[in-house]
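Undergrad: All residue numbers for the sequence shown refer to the working numbering, where the first residue is 735 and numbers rise by one. Sharing a structure with you now.
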Amino acid sequence: MPTAYGNYHNYNGPASRFPGFPPSSHVRDARLTMLESLVPGLFTAKHCLDIGCNAGTVSCQLAVDFEATSVTGVDIDSSLVNQAENLLALRSSRVRPPIAESSKPIVDYFPVSAVLTHGYRVEPASKTSRSSPAAPALPLLPRVNFIAADFVLSADPAISGPYDVILALSVIKWIHLEHLDKGLVTFFQKCSSSLASGGYFVIELQTWDSYERAIRPTTAPHFRESLAQLKLRPETSFDEILQEHGLQLHKTCDSLPRRISVYRKV
């Protein structure tokens, strides 16, 4: 069931219906794999922002499996941020340290059963002091930080960038319904200003019929009045708005249930 913000717990979106989609959070997300093939090296050694990170699956994979230098995950729901921190601690606890100075840590080396039996080797951030930086607690992985915030409204310098890559997967619809047309334009403008020159902005497109399904009684009916006020449409309006804010369409892929588009800051 969705929360008051429209997001779902442990949500993977329509990509979960794609053949071969990972049944577990440690198996690579098909969207990230596709993006790596679409723009080779998109995440490697990059500073990434995952907006609407939910329970942290994508953020953790960016760091652990796609070798990002740093990852910041932001979600409006603090309970989901706690889940994300727990997932990061689990994946961090499964990493085998390098056995020589020139070797790399081996991810998913220790089985989940070992962590469940013997406990976490790395404690979740929710169990440690939030005043201390994440990096010292996670010496074997890139810096990963989860923050509970509304990205559209937040002035937190910790999420201001600049980033090499910003991802908005399965989240644009909820931002649009929450903040209406003006808020969506603000969101796009903020994403552009948070990107480094030449950086990439990734959108998983939620079409208008998805908006209409969102207001069903079993989903998020409180957004019904918001939907009636929207003039901008995902299929026709987004490219123009993004271009106005210096983001040019770079690559598009329709191989997954939802179109994923990559824009580049010029």
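Just so you know, even glycine gets a beta-carbon here, dropped at the ideal spot from N, CA and C. The model shown is predicted, which means the values in this text are computed figures rather than measured ones.
Look up threonine 952 in the DSSP assignment and say whether it is helix, strand or coil.
TA: Correct three-state label for threonine 952: coil.
Undergrad: By the 10 Å Cβ neighbour count, where 16 or more other Cβ atoms means buried, how is serine 989 classified, buried or exposed?
TA: The residue in question, serine 989, is exposed, as its Cβ has fewer than 16 Cβ neighbours within 10 Å.
Undergrad: What is the DSSP secondary structure of glutamate 1003, reduced to helix, strand or coil?
TA: Nothing can be reported for residue 1003, as the shown portion of the chain is limited to 735 through 1000.
Undergrad: I'd like the list of long-range same chain contacts for glycine 933, defined as Cβ closer than 8 Å, with 5 residues on each side in sequence excluded.
TA: Only Pro896, Tyr897, Asp898, Val899, Ile900, Arg998, Lys999 meet the Cβ criterion.
Undergrad: Compute the distance between the beta-carbons of arginine 785 and valine 805, then report whether it is under 8 Å.
TA: The displayed chain sequence assigns isoleucine, not arginine, to residue 785. No, Cβ-Cβ distance for isoleucine 785 and valine 805 is not below 8 Å.
Undergrad: How should leucine 776 be labelled, buried or exposed, when 16 other C-beta atoms within 10 angstroms of its C-beta is the threshold for buried?
TA: The residue is buried, with at least 16 neighbouring Cβ atoms inside 10 Å.
Undergrad: Which whole runs of the beta strand (DSSP E) in the stretch 915-969 are 3 residues long or more, in chain order?
TA: Listed in chain order, they are 929-938.
Undergrad: Measuring only the C-alpha atoms, how far is phenylalanine 935 from leucine 964?
TA: When rounded, the distance between both Cα atoms is 23 Å.
Undergrad: Report yes if the C-beta distance between arginine 828 and phenylalanine 844 is below 8 Å; otherwise report no.
TA: Yes, the Cβ-Cβ distance between arginine 828 and phenylalanine 844 is below 8 Å.
Undergrad: Decide if the stretch 763-773 is in contact with the stretch 874-889; the criterion is three or more beta carbon pairs, one per stretch, under 8 Å apart.
TA: Because the criterion of three Cβ pairs below 8 Å is not met, the stretch 763-773 and the stretch 874-889 do not touch.
Undergrad: Across which residues does DSSP place alanine 834 in a beta bridge pair?
TA: The partner list for alanine 834 (beta bridge, DSSP) is empty, contrary to what the question assumes.
Undergrad: Mapping DSSP to helix, strand and coil, what is phenylalanine 777?
TA: DSSP places phenylalanine 777 in coil when its eight states are reduced to three.
Undergrad: Can the beta-carbon of proline 968 be found less than 8 Å from the beta-carbon of leucine 939?
TA: A contact, by the Cβ cut-off of 8 Å.
Undergrad: Look up arginine 825 in the DSSP assignment and give the residues it is bridged to.
TA: Arginine 825 is not bridged to any residue.
Undergrad: Expressed to the nearest angstrom, what Euclidean distance is found between the alpha-carbon atoms of valine 761 and valine 849?
TA: Whole-angstrom Cα-Cα distance: 18 Å.
Undergrad: Classify serine 865: buried if its beta carbon has 16 or more other beta carbons within 10 angstroms, exposed otherwise.
TA: Bear in mind that a pLDDT of 43 at serine 865, under 50, signals an unreliable position, so the number given afterwards is only what the model happens to contain. Exposed.
Undergrad: Smallest Cα separation from cysteine 787: which of Lys780, Ile810, Thr803, Thr986?
TA: Looking at the Cα atoms, Ile810 is the closest of the given residues.
Undergrad: Give me the Cα-Cα distance between glycine 917 and histidine 979, rounded to the nearest whole angstrom.
TA: Whole-angstrom Cα-Cα distance: 14 Å.
Undergrad: Could you give the first and the last residue of the continuous alpha helix (DSSP H) run that contains histidine 979?
TA: Here histidine 979 belongs to no alpha helix (DSSP H), and DSSP marks it neither H nor E.
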